[in-house]
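Visitor:
Residue numbers (UniProt numbering), protein chains in the order written: chain A, 1 to 268; chain B, 1 to 268.
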């Protein structure tokens, strides 16, 4: 086997091992795990809500770039052979009437409440972090071993059917002289949020204090660094809350689904 | 007004004038009309079929890149202020039980058969033709003033719900020494079909004779030119046929919806 093929197989093995660990009960943020393999946000809804959500995603593609949609009732995806979406993520959230009801590591009992759950897998900015790191741009939350900080912004998404809400953004502090590169590199990955939606002053996004993210963990910002904001796949959870969706299962922020698809697949 | 703003306004004026002409009864292929403005494929379906179609598009994004979806019952789109999707295209096709029933220039009577029609506007390869021409690559069907040739290929799309079908491709003959550029240029427009799906031998795509396209018109191929194939937004019409969809309204191949959105918007 060639060195390239061996490296590719090892990366898939790492993704499978991570999923097996989560299936076995391991709970931990997935940033930096199985490097080079695409991670995805997850939201599962009863079939009755699937059209509204798919339309919401289509109308807000920077925040909700869809990588795969399962058939109704199926917990399987083309993005990872043999994976079970009900168990293979580190942590799930169950939502009832727009409110967070519980956080669980095995979502099978919640899934079983409906026989027609449709699962949406949504691109995650972790995908372009490998490319940033390869360009020598530090990704702070990976360097510090923490979860990425995410904030509810004041930017309204375009509504669809019964769904509305504001955009959630992730933030990475970038050295001022590397901001332009961070923009051009991530722009090459449009199906995993693409280029930043905002660079600089958090107040303009309605964010009062970077030290208190709405999801994930705060990261340190060094002198000479600029906060750079990307659309985030937690946006559907904000829509679930704002729209009072009767029932939904999502990943817990930062605790993603790790696929068998290399990040490079989404490079254009 | 600056020269740039003036040029932009003139381009929008040209798009509006073209739509007004079609609304008034003009029937003609839209290739080369209102240069620099995005043209779109159209398919309208009753709401009952909208989820299956939106999922089909998500699963086959090269062939069916969605630019906008209307609310059920609305003939209006955010892509062109004041446009009426029932009248503002040069030519429509009405489909019944998977068969072409009629070709009409005013679709209002057909539209009125259902009060919940959902209209999908889908990216068209015309968008990247401007970029090809600006690079000095001749686009044969524009140079010759004909409709682009389109072929039903042997490549199956990924099914969704009740929808299945093969991919339709458009073909442009490109000089062998410009093929690589034609690939890289069009790759920068992923939401309007992006890079080619096939370069060279038509037989491998199941196309028996380039001189007899399934849609549009044949174009001449000069010595030293290679046939290059892109995924085509007529693919939904192939799905309507293959799946026996009870009722659909589409554009007639090559007779597109001209929007107020500059082609450059879809450059990544």
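Yeah, the Cβ is synthetic: ideal placement off N, Cα and C, and Gly gets one too.
1) Provide the residue span of the beta strand (DSSP E) that contains residue 101 of chain A, from first to last.
2) Over the uninterrupted alpha helix (DSSP H) stretch that includes residue 141 of chain A, give me the two end residues.
3) Would you mind reading off the limits of the beta strand (DSSP E) that contains residue 185 of chain B?
4) Below 8 angstroms on C-beta distance, what does residue 54 of chain B contact in chain D?
5) So residue 66 of chain B contacts chain A; which residues on that side make the cut at Cβ distance below 8 angstroms?
6) Can you say whether residue 58 of chain A is buried or exposed, counting buried as having 16 or more other CB atoms within 10 angstroms of its CB?
7) If you reduce the DSSP assignment to three classes, tell me which class residue 21 of chain A lands in.
8) Does the CB of residue 148 of chain B have a neighbour CB from chain A at under 7 angstroms?
9) At a cut of 8 angstroms, does the segment 90-98 of chain A reach the segment 224-244 of chain A through at least three beta carbon pairs?
10) Give the range of the beta strand (DSSP E) segment to which residue 119 of chain B is assigned.
11) Using only the alpha-carbon positions, how far apart do residue 264 of chain A and residue 258 of chain A sit?
12) Quick one: using the 10 Å Cβ neighbour count with 16 as the cut-off for buried, is residue 224 of chain A buried or exposed?
13) Relative to the C-alpha of residue 22 of chain B, which candidate in B:3, B:141, B:85 has its C-alpha closest?
14) Does the Cβ-Cβ distance between residue 192 of chain A and residue 92 of chain A come in under 7 angstroms?
15) Could you name the residues that DSSP lists as bridge partners for residue 150 of chain B?
16) Under 7 angstroms between the Cβ atoms of residue 167 of chain A and residue 77 of chain A?
17) Here's the rule I'm using: 16 or more other beta-carbon atoms within 10 Å means buried, otherwise exposed. How should residue 125 of chain B be labelled?
18) Within 7 angstroms (strictly less), CB to CB, does residue 192 of chain A reach chain B?
19) Between the alpha carbons of residue 32 of chain A and residue 142 of chain A, how many angstroms are there, rounded?
20) One question on the structure: do residue 115 of chain B and residue 73 of chain B come within less than 7 angstroms of each other, judged by their Cβ atoms?
21) Please report the distance separating the alpha-carbon of residue 155 of chain B from that of residue 230 of chain B.
22) With 16 other CB atoms within 10 Å as the buried threshold, where does residue 201 of chain B fall?
23) Do the segment 31-45 of chain A and the segment 198-212 of chain A touch if we need at least three Cβ pairs shorter than 8 angstroms?
24) Is residue 236 of chain A near the ligand ZN, judged by its Cβ being under 6 angstroms from some heavy atom?
25) Taking beta-carbon pairs under 9 angstroms, can you tell me which members of the segment 170-197 of chain B lie near chain A?
26) What residues from chain A crowd round residue 69 of chain B, counting only those whose CB sits closer than 7 angstroms?
27) Spell out a yes or no on whether the segment 145-161 of chain A and the segment 211-219 of chain A are touching, meaning 3 or more CB-CB pairs, one atom from each, closer than 8 angstroms.
28) Can you tell which of B:162, B:159, B:175, B:8 has its C-alpha closest to the C-alpha of residue 139 of chain B?
29) Helix, strand or coil for residue 71 of chain A per DSSP?
30) Can you pull the chain B neighbours of residue 268 of chain A, defined as C-beta to C-beta under 8 angstroms?
31) Using C-beta distances below 8 angstroms, list every residue in its chain close to residue 103 of chain A, excluding the 5 sequence neighbours before and after it, in chain order.
Guide: In short, the structure shows the following:
1) 99-104
2) 140-143
3) Here residue 185 of chain B belongs to no beta strand (DSSP E); instead the alpha helix (DSSP H) covers 179-187.
4) In the structure shown, chain D does not exist; the protein chains are A and B.
5) 58
6) buried
7) helix
8) no
9) yes
10) 117-123
11) 14 angstroms
12) exposed
13) B:85
14) no
15) B:170, B:215
16) no
17) buried
18) no
19) 6 angstroms
20) yes
21) 12 angstroms
22) exposed
23) no
24) What this structure holds is no ligand at all, so the ligand ZN is not there to describe.
25) 187, 188, 190, 191, 194, 195
26) 55, 58
27) yes
28) B:175
29) coil
30) 187, 188, 190, 194, 268
31) 91, 92, 93, 94, 252
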